[in-house]
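Chemist: UniProt numbering numbers the first residue of the sequence shown as 1 and each following residue consecutively. Where a beta carbon is used, it is the ideal one built from N, C-alpha and C, also for glycine. My questions all concern the structure below.
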Amino acid sequence: MDNEEVYKKQKKQMETDIEHLKNSPDKLVEKAKRKGKMQFVCEANLFGRTAKEKKVALDTLSNKLDDIVKTLQYV
């Protein structure tokens with residue numbers, strides 16, 4: 001597996017993770033409202049922060065992938 005394939009696979013996984021992390025807080029907040037537990041709100045906030053961190057990593061990975069594609073175009 002070359003670098004481009006590895007980066008594409010990592011990018012796809014990160015996109016899936018980010019989507020999950022974005023959806024989870026909404027579900028946890030609803031659960032907190034139903035059960036009256038702040039624990040779920042705290043978990044929702046954690047998921048939100050993690051999603052932001054993963055988005056930064058995804059942007060970095062996308063830039064690397066773009067660089068590889070540009071390099072391959074000139075070869």
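Using the C-alpha atoms, what's the distance from G48 back to L61?
Modeler: For this step, residue 61 is matched to residue 61 along the sequence shown. For this step, residue 48 is matched to residue 48 along the sequence shown. If you draw a straight line from the Cα of L61 to the Cα of G48, it comes to about 20 Å.
Chemist: For the structure I just gave you, are there three or more beta carbon pairs, one from the region 14-33 and one from the region 65-75, closer than 8 Å?
Modeler: no
Chemist: Would M14 and A57 be called neighbours here (beta carbons separated by less than 8 Å)?
Modeler: Here residue 14 corresponds to residue number 14 of the sequence shown, with the count starting at 1. Here residue 57 corresponds to residue number 57 of the sequence shown, with the count starting at 1. Cβ distance < 8 Å, so M14 and A57 count as in contact.
Chemist: Got a sec, what are the start and stop residues for the alpha helix (DSSP H) K37 sits in?
Modeler: The sequence position of residue 37 within the sequence shown is 37, counting from 1. From DSSP, K37 is part of no alpha helix (DSSP H); its letter is neither H nor E.
Chemist: Which residues in the same chain as S24 place their Cβ atom closer than 6 Å to its Cβ, once the five residues preceding and following it in sequence are excluded?
Modeler: Along the sequence shown, one-based indexing puts residue 24 at 24. Closer than 6 Å at the Cβ level, and outside the excluded window around S24, lie F47.
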